[in-house]
Amino acid sequence: NFILKNGASFIGVGAGNAPRGSRNEAVRPDCLLVDDFDTDEACRNPDTVDKNWRWWEDALYFTRDPAVPTTIIFCGNIIAKDCCITRAGKLADHWDIVNIRDKNGKSTWPQKNTEEMIDQVISKVSTVAVQKEYFNNPISEGEIFKEITYGKIPSLKKFKFLVVYGDPAPGENKTKNSSTKGCWLCGKLDGKLYVIKGFLDRGLNAEFINWYISLNEYVDGRTTLYNFMENNKLQDPFFQQVFKPLVRKAKKEKRVELNINPDTEKKTDKATRIEANLEPLNREGNLIFNEDEQQNPHMQRLTDQFKLFTLRLKFPADGPDCIEGANRIIDRKMRVLRPGHSASRSTRQKNNKYRL
611 NFILKNGASF IGVGAGNAPR GSRNEAVRPD CLLVDDFDTD EACRNPDTVD KNWRWWEDAL
671 YFTRDPAVPT TIIFCGNIIA KDCCITRAGK LADHWDIVNI RDKNGKSTWP QKNTEEMIDQ
731 VISKVSTVAV QKEYFNNPIS EGEIFKEITY GKIPSLKKFK FLVVYGDPAP GENKTKNSST
791 KGCWLCGKLD GKLYVIKGFL DRGLNAEFIN WYISLNEYVD GRTTLYNFME NNKLQDPFFQ
851 QVFKPLVRKA KKEKRVELNI NPDTEKKTDK ATRIEANLEP LNREGNLIFN EDEQQNPHMQ
911 RLTDQFKLFT LRLKFPADGP DCIEGANRII DRKMRVLRPG HSASRSTRQK NNKYRL
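Taking the working numbering, the leading residue of the sequence shown gets 611, the next gets one more, and so forth.
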């Protein structure tokens, strides 16, 4: 505690200590500054969060003078969905949330935090830690997809067919504010969905088309291969005017055969669709990621998106959306290819117990 020459008094109080009676002569505090009140350990226990909040409400808040306007400031990161900083924010007259980068992917304090330094710092820790500490986005790893199963991919010749499914997110650059494109090769065998190989990154549209070519070359005729691209009504002009010419150009320059079918099926909500169609597969150990690709940065980005997936979509889910699309196409094809059951008229008559 200290007092300046002009009489202003500053009192430091640790969380949980007794601040009652704090004053400078007859003057009670007219500013309450709460800094980094939340801790990781406390936020893991809802009872501790409640206890800390009660201390703020019951003890610290009422050190003020009800007759004097009081400035109350909470500073801290949002490190959990329910923490003291979020409770204070909901009650505040004004709440600023400042991340290390803005919505366009640029440093919010470039004079201090350069893009190069930010990249260097966040490259040393997990995405979960970065999102919590630098983006006020506490994500519970494994909230929906609790485990990731890696396994050996059967010989491609064993699959009746495979599907390459692409999600052509808008954007024609590799900057941090552009969307992520995805393109994945998947197959289904004995009820298991195999994620075999693919790409998930920011990039040019021409590179996106090259991903299809790379995956087609990887399959190399070992089984039938279908190529699909997400293409709703809003995306169709882009598909017709941009991707079709790029495909024609790539076929001519690389002398390859490439036919991409537009997936025009009307889809339901993205988050619930991914959860409903992929979570049961994953829970039963029937969503298998290629163990030979485990160290591939594209596969790592994909499994990160699965682990960080929530119904609130607080983290990109372009990869899981791609896999869901491939799974949907595969199931649809399998239903069409499944042979129907038929019986002769005499057999039907014989088995009809209601026939007189």
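Where is the CB? At the ideal position from N, CA and C, for every residue including glycine.
Because the structure is a prediction, the values reported are computed rather than measured.
For residue i, which residues does DSSP report across the bridge?
i	result
Leu803	Lys798 and Leu897
Arg711	Ser717
Pro926	DSSP lists no partner for Pro926.
Val637	Asn634
Tyr760	Phe899
Asn940	The amino acid occupying residue 940 in the given sequence is Ile; Asn does not appear at that position. DSSP lists no partner for Ile940.
Thr834	Phe771
Is it buried or exposed, residue i, if we count other Cβ atoms within 10 angstroms and call 16 or more buried?
i	result
Trp821	buried
Val773	buried
Asn841	buried
Asp648	buried
Pro720	exposed
Trp794	buried
Gln845	buried
Please state whether DSSP places residue i in a helix, a strand or coil.
i	result
Glu827	helix
Pro847	helix
Cys793	strand
Cys693	coil
Gly935	helix
Phe916	helix
Gly776	strand
Gly808	strand
Asn892	helix
Pro872	strand
Asn662	helix
Leu614	coil
Glu840	strand
Leu921	coil
Val623	coil
When the distance is taken between beta carbons, is residue j closer than 8 Å to residue i?
i	j	result
Pro847	Phe818	no
Asn662	Ala625	yes
Asp640	Thr680	yes
Ile939	Asp873	yes
Pro748	Ile688	yes
Hey, would you say the C-beta of residue i is under 7 Å away from at least one heavy atom of the ligand COA?
i	result
Gln845	The model depicted lacks the ligand COA and carries no ligand whatsoever.
Below 8 Å, how does it come out for the segment 911 to 931 and the segment 824 to 838: are there three or more Cβ pairs, yes or no? no
Counting Cβ pairs, one atom from each stretch, are 3 or more of them under 8 Å apart for the segment 736 to 743 and the segment 790 to 803? no
At least three beta-carbon pairs within less than 8 Å, the segment 710 to 720 to the segment 876 to 883: no
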